[in-house]
Structures are given as C-alpha cells and as structure tokens.
Amino acid sequence: MKQQQKTAGCPVEVTLSIVGGKWKLQIVYCLLNGTKRFGELRRLIPATTQQMLTLQLRELEQAGIIHRQVYAQVPPKVEYSLTESGRSLEPIVYQIHAWGEWYCEQNNIEYWQLSDNMEDHGIRV
C-alpha cells in the first residue's frame with residue numbers, strides 16, 4: 003500500500019514544489035512530444051547547464067513525473083519519457099505556453115529562439 007505524505011501548504015505550493023523553477027516545465031514540454039535522450043534535451047534547452055539539467059531530471063524522476071530508462075550497453079544509453087502523472091500536465095503546460103505567447107505579443111517580446119529550436123526538433127509550439 004502506498005504511504006501517504008502530509009504536506010504543509012495549499013495545492014499550488016505542492017505543485018510548484020514539484021514542477022516549479024526555470025527548467026522543469028520546459029523539460030516536461032519537450033517530453034510531451036515523446037521520449038528523448040539527455041543530449042536531445044540539452045539541444046532543446048541550450049540555456050541550461052549539464053549539471054542543472056541532470057539535477058532537474060533527477061527531481062522530476064523522484065517526483066514520478068518522468069521515467070528514466072537505462073540500457074545496459076556501451077556507451078551507456080539513457081532515455082527520458084513522461085509517466086502517466088507527467089502526461090497529466092499536458093493541458094497545463096500547453097495553456098502556460100499559450101499564455102506566454104500572448105504575453106510576449108502584448109509586451110513586444112521576441113521568443114523566436116526557443117520556439118525555432120523546438121520546431122527544428124519536431125516539437126509543437
């Protein structure tokens with residue numbers, strides 16, 4: 003049986019503790035289009051460091067948002083995909099994306115660099 007954890011605060015605090023920060027929702031966004039290897043995620047999110055991406059992936063894995071599949075081969079192969087819990091974030095992530103586009107348009111902010119990079123890798127923006 004799954005042990006329940008008590009957490010102080012409201013559901014928004016809990017949610018932000020799991021997917022908050024600069025990189026986690028971007029990682030989830032990239033994985034909505036399918037399984038990715040670490041190098042692919044690095045190319046899709048070039049502003050993050052290797053160390054930070056590794057840390058964020060570990061935290062998302064511990065929270066049950068992503069699945070890390072390690073293949074026993076040389077060189078090592080690791081793939082990341084969304085779990086069912088991670089997949090449930092899809093409508094929220096797309097809504098945040100839409101709001102971000104709207105906000106950029108309202109405030110004359112260019113966001114093309116990230117969008118172009120993701121479209122080059124087959125990710126819907």
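Its first residue numbered 3, the sequence shown is counted upward by one per residue in our numbering. A virtual CB, placed ideally from N, CA and C, is assigned to each residue, including glycine. Keep in mind that this is a model prediction, so the values were computed, not measured.
Between the CA atoms of residue 27 and residue 94 - distance to the nearest angstrom: Straight-line spacing of the CA atoms in residue 94 and residue 27 works out to 10 Å.
The alpha helix (DSSP H) with residue 26 in it runs from where to where? Per DSSP, residue 26 belongs to the alpha helix (DSSP H) from 26–33.
Can you tell me where the alpha helix (DSSP H) holding residue 75 begins and where it ends? Run containing residue 75: none; DSSP gives neither H nor E here.
What does the alpha-carbon distance come out to for the pair residue 61 and residue 50? The straight-line gap from Cα to Cα measures roughly 15 Å.
From the DSSP secondary-structure annotation, give me the bridge partner or partners of residue 83. Answer by DSSP bridge pairing, in chain order: 69.
Taking one C-beta from the region 78–91 and one from the region 26–46 each time, how about it: are there three or more such pairs within less than 8 Å? Segments in contact, yes.
Determine which residues share a DSSP beta bridge with residue 39 and list them. Under DSSP, residue 39 shares a beta bridge with 81.
Check residue 106 in the structure and name its three-state DSSP category. Correct three-state label for residue 106: helix.
Cutoff 8 Å; reference residue 186; Cβ partners in own chain excluding five residues on either side: Because the chain in this structure spans residues 3 to 127, residue 186 falls outside the shown range and cannot be described.
Rounded C-alpha distance that separates residue 96 from residue 102: Roughly 10 Å separates the two Cα atoms.
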